[in-house]
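Chains as they are written, first to last, in the numbering used here: chain A, 1 to 174; chain B, 1001 to 1174. Glycine included, each C-beta is placed from N, C-alpha and C at the ideal position. These figures come from a predicted structure and were not determined experimentally.
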DNA sequence: TCATTGCTATCAAGCGTTTGACATTAGACA
DNA sequence: TGTCTAATGTCAAACGCTTGATAGCAATGA
């Protein structure tokens, strides 16, 4: 661990890839998100879930699971916790009474706003680091990559790859 | 995507952030990695661990944990499995006999090469999608962000990378 | 009309990781 | 020299998520 001889790291091709840079950046960002959200008692997963519900109120658990890239059980667990805290509310679907729609409560909106302020602060920091032009460029490139990779993933195994949304939101709107 | 009423998604500021693009791209990439590595019987975590050991042979478990952003126990679990398969070897440190250094075996090198070929294929696909120039640009921007965020994270919590208990960890140098 | 198909929600079990605590060991300092 | 600090490795328990399987409800087609 105190090797005077520099024979490594930069010489390995695997560390000079876009994939590695992407993973590195995302890990650092995730760590920072967790750090900022901890004082609020919210995990990143909680934030993502509440954000999705704010964007599309009345979302069902299954649809939510597809968007977040996790299983319905994981969503149920999170929803249960958030409901117990009073941030989220489950309500029966008007037509399909077996289905439950999800809504944010007042305290949920409040908590989400606080969390979102932290995340926005992080975003601001990133933009400031890169500059507005480069930040916009980075965002564009990332979306380009994400789109291409999602298409590839769906094409490779038509149906479910890892846990891929077959995107059939029929209950998402009523 | 047949919603007659477009009242959402693109109107929310939270979905128009670099952070969201980053997370999206990384999720898609991770799913694809897992998909490609599954036939080899390797999880992405296994690949990352073996790669780190290849880059720096003789790495200790604790140091590995810091680099991978997980706890030493998680590393121990992975190492145990990889050792049982014969891909990894633990050896006592010459000076500190309580510490164990990690090395790849022949079959480990072989397996890693096969996995690395898959990842390289993915990298190639990304570069082809973006073009060489944009790919290089993306990589540069990502590293820039990662460096800045790691610095921020270290500054906020004088110690490690948030994830691991910074109780003993700061010698991230090798 | 009835049966089939598809999706949702939920329970039970298993695996992997984190948190917390403890034994061991080398280096630093009095 | 002896003690104290720092860092590694490991054990035990808790938490979270995934896989697999089951029940209920609605829309489609014969």
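Return the residue from the list B/1017, B/1016, B/1030 that minimises the CA-CA distance to residue 21 of chain A.
B/1030
Just checking: is the beta-carbon of residue 1135 of chain B within a distance shorter than 9 Å of some beta-carbon in chain A?
yes
Assign residue 1150 of chain B to one of two classes, buried (16 or more other C-beta atoms within 10 Å of its C-beta) or exposed (fewer than that).
buried
Do residue 99 of chain A and residue 1019 of chain B have their beta-carbon atoms positioned less than 9 Å apart in this structure?
no
Just to confirm, are residue 1026 of chain B and residue 26 of chain A a CB contact at a threshold of 9 Å?
yes
So who's on the other strand from residue 90 of chain A, going by DSSP bridges?
A/102
Residue 1102 of chain B burial status per 10 Å Cβ neighbour count (16 or more: buried)
buried
Taking the straight line between their C-alpha atoms, what separation do you get for residue 1172 of chain B and residue 1065 of chain B?
In this predicted model, residue 1172 of chain B has a pLDDT of only 30, less than 50, meaning its place in the structure is not dependable; the value taken from the coordinates is given anyway. Roughly 10 Å separates the two Cα atoms.
Distance check for residue 1063 of chain B and residue 1071 of chain B, CA to CA, integer angstroms please.
10 Å
Could you name the residues of the same chain whose beta carbon sits closer than 8 Å to that of residue 76 of chain A, not counting the 5 residues immediately before and after it, in chain order?
61
Min CB distance residue 77 of chain A to chain B below 9 Å
no
For residue 50 of chain A, which of A/83, A/92, A/132 has the nearest alpha-carbon?
A/83
Should residue 1014 of chain B and residue 55 of chain A be called a contact, given that it needs their Cβ atoms to be closer than 9 Å?
yes
In chain order, what residues of the stretch 141–153 of chain A put their CB closer than 8 Å to some CB of chain B?
141, 142, 143, 144, 145, 146, 148, 149, 150, 152, 153
Is it right to say residue 114 of chain A is buried, meaning 16 or more other beta carbons lie within 10 angstroms of its own, or is it exposed?
exposed
Just checking: is the beta-carbon of residue 129 of chain A within a distance shorter than 9 Å of some beta-carbon in chain B?
yes
Cβ-based contacts, 7 Å cut-off: residues of the stretch 81–111 of chain A near chain B:
none
Taking Cβ-Cβ distances below 7 Å as the criterion, which residues of the stretch 32–54 of chain A are in contact with chain B?
32, 34, 35, 51
Here's a check: name, in chain order, each residue in its chain whose Cβ is nearer than 6 Å to the Cβ of residue 36 of chain A, leaving out the five neighbours to either side.
118
Checking contacts by CB at 9 Å: is residue 1123 of chain B closer than that to chain A?
yes
Which word fits residue 106 of chain A, buried or exposed, when buried means at least 16 other C-beta atoms lie within 10 angstroms of its C-beta?
exposed
In the DSSP assignment, what residue or residues form a beta bridge with residue 1059 of chain B?
B/1102
For the stretch 20–79 of chain A, which segments carrying the alpha helix (DSSP H) assignment without a break, of at least 4 residues, lie completely within its bounds, in sequence order?
44–55, 61–68
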